[in-house]
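Residues in the sequence shown are numbered from 41 upward in steps of one, following the numbering used here.
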Amino acid sequence: MLDNYEYIDLEFVYTDPQTGVLRNLGGITDNQDLLFFESVAVAK
């Protein structure tokens, strides 16, 4: 599994159009910040 939240989504349905990062409940647009956010969330 890759530690990466950047995807190719030509219609930007699932990704942020400026960063290419997967849309998420936290509204995070930075790949590394999203990785940290999800790591902390599942560790609880």
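Every residue gets a Cβ at the ideal spot worked out from N, C-alpha and C, and that includes glycine.
Give me whichever residues DSSP pairs with Thr55 in a beta bridge. Beta-bridge pairing links Thr55 to Leu62.
What three-state label does DSSP hand Asp70 in the structure shown? Asp70: coil per DSSP, three-state reduction.
Just the C-alpha distance for Asp65 and Val80, rounded to the nearest angstrom, thanks. A small correction: the amino acid at residue 65 is Leu; Asp does not occupy that position in the sequence shown. Taking the straight line joining both Cα atoms gives about 14 Å.
Could you tell me the distance, in whole angstroms, from the CA atom of Leu50 to the CA atom of Leu74? One C-alpha to the other measures close to 21 Å.
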